[in-house]
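Novice: For the record, the sequence lines run as chains A and B.
Start counting the first sequence at 1; every next residue gets the next number (our numbering).
Start counting the second sequence at 1001; every next residue gets the next number (our numbering).
Every residue gets a Cβ at the ideal spot worked out from N, C-alpha and C, and that includes glycine.
Quick caveat, the model's predicted, so the values are computed rather than measured.
Protein chains: 2
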Amino acid sequence: MKRRTFMAGGAAGVAGAAVAAPAIAQTMPEVSWRCASSFPKSLDALYGPLDTMTKQIAEATDGRFKIQCFAAGEIVGAFQTLDAVSAGTIEMCQSPGYYFVGKDPVLALMADVPFIMNVRQRNAWLYQGGGQQLVNDYVKKYNVHTVPGGNTGTQMGGWFRKEVRTLEDLKGLKFRIAGLAGQVVAKLGVVPQQIPGGDTYSSLERGVIDAAEWVGPYDDEKLAFVRVAPYYYYPGFWEGAPTVHYWIGTEKWNALPKSYQQIFNNAAAANNLDMTAIYDARNPAALRRLVAAGAQLRAFSPEILDAAYKAANEIYDDLSKSNADFKRIYEHLRAFRNEEYLWWQVAEYSFDTMMLRLRQRS
Amino acid sequence: MKRRTFMAGGAAGVAGAAVAAPAIAQTMPEVSWRCASSFPKSLDALYGPLDTMTKQIAEATDGRFKIQCFAAGEIVGAFQTLDAVSAGTIEMCQSPGYYFVGKDPVLALMADVPFIMNVRQRNAWLYQGGGQQLVNDYVKKYNVHTVPGGNTGTQMGGWFRKEVRTLEDLKGLKFRIAGLAGQVVAKLGVVPQQIPGGDTYSSLERGVIDAAEWVGPYDDEKLAFVRVAPYYYYPGFWEGAPTVHYWIGTEKWNALPKSYQQIFNNAAAANNLDMTAIYDARNPAALRRLVAAGAQLRAFSPEILDAAYKAANEIYDDLSKSNADFKRIYEHLRAFRNEEYLWWQVAEYSFDTMMLRLRQRS
């Protein structure tokens, strides 16, 4: 308050400002960054929160901390973003860690791997369970610092041309699915396929593949899979709660004033919450439209889920034997998950169970 | 970057700063607020996020936007916080809307009322479903602007000296429970009691009351209810996802620079997410300790839940007849809730169901 009054004092105010200004200028430098996203703009619920966050950061700093955003492929390919940040070509990227599973399976653990946990449990692990600290200690080797920045919620299990009820039905099934999830279903006889999102519809239509997983109702609707592969399976057991991270070059992060780091952290956390809210708000109506367009909802059978769970645990065991970092972080994550579900079944899950039952009679 | 280089230029730099400084000073004024919480400091998972948020706001503004925090009763009583903000005695408060249900039942809708929704659905309604906008349009009559700032997650149904299985068991039961939830159970024959938290243990011990609800394992453990009322019921059907809001005097809010408003909003949202993460991370171990200390977990019977649901809907119907604002906002909330659960049972709930089933065999 004093400062404002002083500034209004004409010449005396200007003289006063000349003394005070260097401190302000030092703590609020002009910073201009470039951020490459691993997502196309068409996935607006994924890309949108990056756009929103950077506008909020600019507003919070009176335009002094500017981050220019680029969609996947504009300046860096979707899977090359981490390399570009590591090398210092760009200051930061928006990517889910499992996009780099081929480079390093430990990075999948910070996003999501099959049969882990739901969104709130994931956030509890990251923010309050020591998870994000473990992640940041580990990713130092890539010369980056990471901040959680979004989550889609549990994804769907994908679109299938024919029903799959038994393990026998999975044998030889050509399924567009990537990463560790692809390795899990491969153990059940599925043939995982890597196909860009834009080519998936025509591959399904021509029968080049039998099934494809993408995200959930809101995003899936845009690609019109319902027309050619109407059996819509759930849950996406490989993505209960995928976290999208921001990855920032370590030197660039450390060079930020504390105030900008704080503004960045809270903008990322606020938009982490908001990305989930966007999906949660838009998925119900999209699901209604998909069902009206012919989508046939199907739950994966216990036979398939049990076998996939066993296969996933075998993969985690194998990775843990050969990779001490994977073992350490996976075991931390799994122990946290087991405790979470112990509590979950008491209050949260029973509340949802009650509401689902009561709604049917209201 | 230019500015920093320029500033290092000695005398020329100081002259330059004298020109640029007034703009900075105008956009970053010194602001000093007082915030009264409705919670005691002993409820550290509820009060803590306020403390954290205000420190983050100070850090983000290089100490220029300072908010001094006071626990319930230090400068304003727990239920007088809104009046104090409305009157301009203090700039803001941290309170759940249902603390003011006696003053105005519409204010309970912004926090939680019986049989509504879970945390993610509540956040989706507030941030992406138009809910927070409806709330802020309504609370203008109290000369305040509100920002969501926390959520405990689904609470427990309370501690009972004896088991309650049937509606008959509820007749005449003296239960410490407040607000609309108290009205709901009163319709089932319960006699709601209003007792300060600190007096609840001795009331239970002496048999002055038969049961008491508080929050959930982490907070309940501190009050040691397990020693005198070991039957621990779930779910707290009247608090599936209570939101804590920040309430700010309208003029004070409007006088903030846009940058401070942005910093405040994201700090509140980040700590909304974090409060839930704190509870989710701490409740499992607290529950284990309570069970080891003798807590007997019990689910409310369908007979009791069905009757309570019917009673709640009767209360909503009555309030809707006499209060057009309640009707309008309640119906918006209910319609959103119904759509949310339609989607929830597909991906999210089936993911949790799967994990609870598989965990038992791992």
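(1) Count the other CB atoms, across all protein chains shown, that sit within 10 Å of the CB of B/GLU1348; report buried if there are 16 or more and exposed otherwise.
(2) Would you call the CB atoms of B/TYR1234 and A/SER350 closer than 8 Å?
(3) Where do the ends of the beta strand (DSSP E) carrying B/ILE1067 lie?
(4) Is it a yes or a no for the segment 1027-1041 of chain B touching the segment 1083-1091 of chain B, going by three-plus beta-carbon pairs under 8 Å?
(5) Verify whether the separation of the beta carbon atoms of B/GLN1094 and B/ALA1267 is less than 8 Å.
(6) With 9 Å as the limit, tell me which residues of the segment 251-281 of chain A have their beta carbon closer than that to any beta carbon of chain B; keep them in chain order.
(7) Mind listing which residues of the segment 344-358 of chain A have their C-beta closer than 9 Å to chain B's C-betas, in chain order?
(8) By the DSSP assignment, the beta strand (DSSP E) with B/GLN1296 in it spans what residues?
(9) Are the segment 37-57 of chain A and the segment 268-285 of chain A touching by the rule of at least three beta carbon pairs closer than 8 Å?
(10) Could you name the residues of the segment 1038-1050 of chain B whose beta carbon sits closer than 9 Å to any beta carbon of chain A, in the order they occur along the chain?
(11) Quick one: list the residues of chain A neighbouring B/TYR1341, beta-carbon separation under 9 Å, in chain order.
(12) With a threshold of 8 Å between beta carbons, is B/THR1061 in contact with chain A?
(13) At a threshold of 7 Å, does A/ALA224 count as lining the ligand SAM (C-beta to nearest heavy atom)?
(14) For A/GLN194, which of A/SER202, A/ARG206 and A/ALA212 has the nearest alpha-carbon?
(15) Could you have a look at B/ARG1165 and say whether DSSP puts it in helix, strand or coil?
(16) Rounded to whole angstroms, how far is the Cβ of B/TYR1232 from the Cβ of B/ARG1298, which I believe are closer than 8 Å?
(17) Residues of chain A with a CB under 9 Å from the CB of B/MET1156: which are they?
(18) Tell me the rounded alpha-carbon separation between A/ALA60 and A/ALA307.
(19) Under the rule that 16 or more other beta-carbon atoms within 10 Å means buried, what is B/ARG1120, buried or exposed?
(20) Since A/TYR349 sits in a beta bridge, which residues does DSSP pair it with?
(21) Note down, in chain order, all residues in the segment 90-111 of chain A with a beta-carbon under 8 Å from any beta-carbon belonging to chain B.
(22) At least one CB of chain B closer than 8 Å to the CB of A/ASN136: is that the case?
(23) Which ranges does the alpha helix (DSSP H) cover as unbroken runs of at least 4 residues, wholly within the segment 1068-1108 of chain B, from first to last along the chain?
(24) Are the beta-carbon atoms of B/LEU1173 and B/VAL1226 separated by less than 8 Å?
(25) Are the beta-carbon atoms belonging to B/PRO1217 and B/ALA1286 less than 8 Å from one another?
(26) Per DSSP, A/SER412 forms a beta bridge with which residues?
(27) Should A/ALA293 be labelled buried (16 or more other beta-carbon atoms within 10 Å of its own) or exposed?
(28) Does the Cβ of A/ASP317 have 16 or more other Cβ atoms within 10 Å, making it buried, or fewer, making it exposed?
(29) Can you give me the start and stop residues for the alpha helix (DSSP H) that A/ASN254 sits inside?
(30) Please state the DSSP three-state secondary structure of B/ALA1212.
(31) Going along the chain, which residues of the segment 1222-1245 of chain B sit with their C-beta nearer than 8 Å to a C-beta in chain A?
(32) Considering just the uninterrupted stretch of the beta strand (DSSP E) at A/PHE160, what are its terminal residues?
(33) Rounding to the nearest angstrom, what Cα-Cα distance links A/ASP169 and A/GLY240 in this structure?
(34) So, at 7 Å on beta carbons, what are the nonlocal neighbours of B/LEU1134 in its own chain, with the 5 sequence-adjacent residues on each side left out?
(35) Tell me A/ASN151's beta-bridge partners as DSSP assigns them.
(36) Does the distance from the C-beta atom of A/TRP214 to that of A/THR146 stay below 8 Å?
Specialist: Reading from the atomic positions:
(1) With 16 or more Cβ atoms within 10 Å of its Cβ, B/GLU1348 is classed as buried.
(2) Result yes, Cβ atoms of B/TYR1234 and A/SER350 sit closer than 8 Å.
(3) Residues 1065-1070.
(4) Yes, since at least three Cβ pairs between the segment 1027-1041 of chain B and the segment 1083-1091 of chain B fall closer than 8 Å, the two stretches touch.
(5) Not closer than 8 Å, so no.
(6) So the close ones are PRO257, LYS258, SER259, TYR260, GLN261, GLN262, ILE263, ASN265, ASN266, ALA267, ALA268, ALA269, ALA270, ASN271, ASN272, LEU273, ASP274, THR276, ALA277, ILE278, TYR279, ASP280 and ALA281.
(7) Result list: TRP344, GLN345, VAL346, ALA347, GLU348, TYR349, SER350, PHE351, ASP352, THR353, MET354, MET355, LEU356, ARG357 and LEU358.
(8) DSSP places B/GLN1296 inside the beta strand (DSSP E), whose first and last residues are 1296-1299.
(9) By the Cβ test, the segment 37-57 of chain A is in contact with the segment 268-285 of chain A, since at least three Cβ pairs between them sit closer than 8 Å.
(10) For the segment 1038-1050 of chain B, which is checked against every Cβ of chain A, not one residue is closer than 9 Å.
(11) Ordered by position in chain A, the residues that pass the 9 Å Cβ test against B/TYR1341 are PRO284, ASP352, MET355, LEU356 and ARG359.
(12) Proximity of B/THR1061 to chain A, defined by a Cβ-Cβ separation below 8 Å, is satisfied.
(13) Absence of the ligand SAM is noted for the structure shown, with no ligands found whatsoever.
(14) Just measuring C-alpha positions, the residue of A/SER202, A/ARG206 and A/ALA212 sitting nearest A/GLN194 is A/ALA212.
(15) The answer is coil: DSSP assigns B/ARG1165 none of H, G, I, E or B.
(16) Separation of the CB atoms of B/TYR1232 and B/ARG1298 is rounded to 7 Å, and the pair is thereby assigned contact status at 8 Å.
(17) Here the neighbours are VAL346 and ALA347.
(18) Taking the straight line joining both Cα atoms gives about 50 Å.
(19) So B/ARG1120 ends up on the buried side.
(20) When beta bridges are read from the DSSP output, A/TYR349 appears opposite no residue.
(21) For the segment 90-111 of chain A, there are no residues whose beta carbon sits under 8 Å from a beta carbon of chain B.
(22) No Cβ of chain B is located within less than 8 Å of the beta carbon of A/ASN136.
(23) Within the segment 1068-1108 of chain B, the alpha helix (DSSP H) runs of at least 4 residues that lie entirely inside it are, in chain order, 1081-1086.
(24) Taking the C-beta atoms as reference points, B/VAL1226 is found no nearer than 8 Å to B/LEU1173.
(25) Yes, Cβ-Cβ distance for B/PRO1217 and B/ALA1286 is below 8 Å.
(26) Nothing in the structure corresponds to residue 412 of chain A, since chain A is present only between 1 and 362.
(27) The residue is exposed, with fewer than 16 neighbouring Cβ atoms inside 10 Å.
(28) When all chains shown are included, A/ASP317 counts as exposed.
(29) That run of the alpha helix (DSSP H) goes 250-255.
(30) Note: B/ALA1212 maps to strand in three-state DSSP.
(31) Of all residues in the segment 1222-1245 of chain B, TYR1234, PRO1235, GLY1236, PHE1237 and GLY1240 have a Cβ within less than 8 Å of some Cβ in chain A.
(32) Looking at the DSSP string, the run of the beta strand (DSSP E) that includes A/PHE160 is 158-160.
(33) Taking the straight line joining both Cα atoms gives about 24 Å.
(34) Same-chain partners within the cutoff: ILE1329 and HIS1332.
(35) Listed as beta-bridge partners of A/ASN151 by DSSP are A/THR243.
(36) Taking a C-beta distance under 8 Å as the contact criterion, A/TRP214 and A/THR146 do not qualify as a contact pair.
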